[in-house]
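All remarks here apply to the structure that follows.
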Amino acid sequence: MSAYTRAPQKVRARYDAAPEKSATLEQLVINEKGEKKRTATEGLLWLLRGLSFTCKALQSAQANPTEELSAAFSKAYEATLKKFHNFVVKGIFSVAMKACPYRADFYSKLASDPTGGPSVPADKLNEELNNWLSALDNIVRRLEKFYEEGGHNKGF
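In full-length UniProt numbering, the protein residues as written are 1 to 156.
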(Lines of atoms letter the chains of each structure in order from A and count residues from 1; the text may use other names and numbers.)
(Lines give C-alpha, C1' and ligand atoms only; values in the text may rest on other atoms or scores of the structure.)
Protein backbone atom coordinates (compact mmCIF):
# COMPACT_ATOMS: atom_id res chain seq x y z
CA MET A 1 0.00 0.00 0.00
CA SER A 2 1.46 3.37 -0.99
CA ALA A 3 1.84 6.45 1.17
CA TYR A 4 -0.87 8.11 -0.91
CA THR A 5 -3.31 5.31 -0.13
CA ARG A 6 -2.50 5.28 3.59
CA ALA A 7 -2.58 9.07 3.98
CA PRO A 8 -6.38 9.48 3.93
CA GLN A 9 -6.71 6.49 6.26
CA LYS A 10 -4.42 8.19 8.80
CA VAL A 11 -6.43 11.39 8.65
CA ARG A 12 -9.71 9.48 8.97
CA ALA A 13 -8.40 7.49 11.96
CA ARG A 14 -7.44 10.70 13.75
CA TYR A 15 -10.80 12.28 12.97
CA ASP A 16 -12.64 9.20 14.26
CA ALA A 17 -10.53 9.20 17.45
CA ALA A 18 -11.06 12.90 18.20
CA PRO A 19 -13.91 14.35 16.11
CA GLU A 20 -14.45 17.27 18.48
CA LYS A 21 -10.83 18.34 17.89
CA SER A 22 -10.93 17.70 14.16
CA ALA A 23 -13.74 19.82 12.72
CA THR A 24 -11.31 21.16 10.10
CA LEU A 25 -8.07 19.76 8.75
CA GLU A 26 -6.22 22.64 10.37
CA GLN A 27 -7.75 21.86 13.78
CA LEU A 28 -6.86 18.21 13.37
CA VAL A 29 -3.21 19.10 12.75
CA ILE A 30 -3.02 21.72 15.52
CA ASN A 31 -4.52 19.35 18.09
CA GLU A 32 -2.11 16.58 17.13
CA LYS A 33 0.95 18.85 17.41
CA GLY A 34 1.79 18.04 21.02
CA GLU A 35 1.76 14.29 20.49
CA LYS A 36 4.83 12.14 19.98
CA LYS A 37 3.52 10.53 16.79
CA ARG A 38 1.72 12.87 14.45
CA THR A 39 0.47 10.29 11.98
CA ALA A 40 -2.49 12.30 10.69
CA THR A 41 -0.32 15.39 10.26
CA GLU A 42 2.18 13.35 8.27
CA GLY A 43 -0.56 11.60 6.30
CA LEU A 44 -2.22 14.88 5.38
CA LEU A 45 1.15 16.36 4.39
CA TRP A 46 1.85 13.48 1.98
CA LEU A 47 -1.67 13.74 0.60
CA LEU A 48 -1.11 17.47 0.12
CA ARG A 49 2.18 16.81 -1.68
CA GLY A 50 0.46 14.33 -3.97
CA LEU A 51 -2.33 16.78 -4.74
CA SER A 52 0.22 19.51 -5.45
CA PHE A 53 2.02 17.17 -7.87
CA THR A 54 -1.21 16.28 -9.67
CA CYS A 55 -2.40 19.88 -9.79
CA LYS A 56 0.87 21.21 -11.21
CA ALA A 57 1.02 18.45 -13.82
CA LEU A 58 -2.50 19.08 -15.05
CA GLN A 59 -2.00 22.86 -14.98
CA SER A 60 1.07 22.37 -17.17
CA ALA A 61 -0.89 20.14 -19.54
CA GLN A 62 -3.65 22.75 -19.75
CA ALA A 63 -1.20 25.60 -20.36
CA ASN A 64 0.66 23.65 -23.05
CA PRO A 65 -1.90 22.01 -25.36
CA THR A 66 0.69 19.99 -27.29
CA GLU A 67 2.57 18.70 -24.25
CA GLU A 68 2.24 14.98 -23.55
CA LEU A 69 1.18 14.01 -20.04
CA SER A 70 4.47 12.20 -19.39
CA ALA A 71 6.32 15.51 -19.86
CA ALA A 72 3.83 17.47 -17.75
CA PHE A 73 3.95 14.95 -14.91
CA SER A 74 7.75 14.67 -15.08
CA LYS A 75 8.11 18.45 -14.72
CA ALA A 76 5.62 18.48 -11.87
CA TYR A 77 7.55 15.69 -10.12
CA GLU A 78 10.75 17.73 -10.36
CA ALA A 79 8.99 20.73 -8.83
CA THR A 80 7.08 18.97 -6.05
CA LEU A 81 7.92 15.45 -4.90
CA LYS A 82 11.45 14.71 -6.04
CA LYS A 83 13.13 16.47 -3.11
CA PHE A 84 11.34 14.17 -0.66
CA HIS A 85 12.31 10.87 -2.33
CA ASN A 86 15.41 8.71 -2.14
CA PHE A 87 17.19 7.47 -5.26
CA VAL A 88 15.14 4.24 -5.43
CA VAL A 89 11.80 6.05 -5.40
CA LYS A 90 13.12 8.63 -7.88
CA GLY A 91 13.93 5.77 -10.26
CA ILE A 92 10.50 4.24 -9.82
CA PHE A 93 8.86 7.58 -10.56
CA SER A 94 10.99 8.02 -13.65
CA VAL A 95 9.74 4.70 -15.01
CA ALA A 96 6.15 5.42 -13.93
CA MET A 97 6.12 8.73 -15.81
CA LYS A 98 6.76 6.80 -19.02
CA ALA A 99 3.53 4.88 -18.36
CA CYS A 100 1.33 8.01 -18.44
CA PRO A 101 -1.50 7.74 -20.94
CA TYR A 102 -1.24 9.68 -24.16
CA ARG A 103 -2.69 13.15 -23.88
CA ALA A 104 -5.34 12.54 -26.55
CA ASP A 105 -6.52 9.35 -24.84
CA PHE A 106 -6.66 11.01 -21.41
CA TYR A 107 -8.64 14.04 -22.59
CA SER A 108 -10.94 11.85 -24.65
CA LYS A 109 -11.69 9.76 -21.57
CA LEU A 110 -12.31 12.88 -19.47
CA ALA A 111 -14.73 14.20 -22.08
CA SER A 112 -16.64 10.94 -22.47
CA ASP A 113 -20.05 10.37 -20.93
CA PRO A 114 -19.95 7.25 -18.72
CA THR A 115 -23.59 6.55 -19.62
CA GLY A 116 -22.80 6.46 -23.34
CA GLY A 117 -24.11 9.88 -24.29
CA PRO A 118 -22.22 12.44 -26.35
CA SER A 119 -18.79 13.59 -25.19
CA VAL A 120 -18.35 17.03 -23.67
CA PRO A 121 -16.98 19.53 -26.23
CA ALA A 122 -13.28 20.37 -25.81
CA ASP A 123 -13.93 24.00 -24.88
CA LYS A 124 -16.37 22.99 -22.13
CA LEU A 125 -13.98 20.31 -20.85
CA ASN A 126 -11.11 22.80 -20.71
CA GLU A 127 -13.28 25.38 -18.93
CA GLU A 128 -14.41 22.86 -16.30
CA LEU A 129 -10.92 21.42 -15.84
CA ASN A 130 -9.41 24.89 -15.45
CA ASN A 131 -12.06 25.80 -12.85
CA TRP A 132 -11.42 22.56 -10.97
CA LEU A 133 -7.64 23.06 -11.07
CA SER A 134 -7.99 26.64 -9.86
CA ALA A 135 -10.03 25.49 -6.86
CA LEU A 136 -7.58 22.66 -6.12
CA ASP A 137 -4.63 25.05 -6.39
CA ASN A 138 -6.27 27.42 -3.87
CA ILE A 139 -6.78 24.58 -1.39
CA VAL A 140 -3.24 23.25 -1.84
CA ARG A 141 -1.69 26.71 -1.43
CA ARG A 142 -3.75 27.45 1.69
CA LEU A 143 -2.76 24.19 3.35
CA GLU A 144 0.90 24.48 2.27
CA LYS A 145 0.99 27.97 3.86
CA PHE A 146 -0.65 26.60 7.01
CA TYR A 147 1.92 23.80 7.27
CA GLU A 148 4.85 26.14 6.62
CA GLU A 149 3.78 28.97 8.94
CA GLY A 150 2.87 26.59 11.75
CA GLY A 151 5.99 24.44 11.39
CA HIS A 152 3.73 21.42 10.96
CA ASN A 153 5.92 20.01 8.17
CA LYS A 154 9.01 19.77 10.41
CA GLY A 155 10.37 16.25 10.62
CA PHE A 156 8.55 15.01 7.55
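For every residue, glycine included, the Cβ atom is placed at its ideal position computed from N, Cα and C. As the structure is a computational prediction, the values presented were derived from the model and not from experiment.
Under 8 angstroms by Cβ, that's how I've got residue i and residue j pegged, so tell me the actual separation to the nearest angstrom.
i	j	result
residue 158	residue 42	Coverage of the chain is limited to positions 1 through 156, which leaves residue 158 absent and any answer about it impossible.
residue 58	residue 133	6 angstroms
residue 14	residue 28	6 angstroms
residue 47	residue 140	That belief does not hold up - the Cβ atoms of residue 47 and residue 140 are roughly 10 angstroms apart, past 8 angstroms.
residue 80	residue 53	4 angstroms
residue 44	residue 7	7 angstroms
Would you decide whether residue i is buried or exposed? Buried here means 16 or more other CB atoms lie within 10 Å of its CB.
i	result
residue 152	buried
residue 219	There is simply no residue 219 to check, as the chain begins at 1 and stops at 156 in what is shown.
residue 32	buried
residue 107	buried
residue 56	buried
residue 88	exposed
residue 10	buried
residue 84	exposed
residue 96	exposed
residue 38	buried
Measuring CB to CB, does residue i end up less than 8 angstroms from residue j?
i	j	result
residue 60	residue 76	yes
residue 62	residue 136	no
residue 111	residue 122	yes
residue 98	residue 70	yes
residue 102	residue 67	no
### Task
Could you name each continuous beta strand (DSSP E) segment of 3 residues or more that falls completely within the UniProt domain "Glycolipid transfer protein" (9-111), going from the start of the chain to the end?
Runs found: none.
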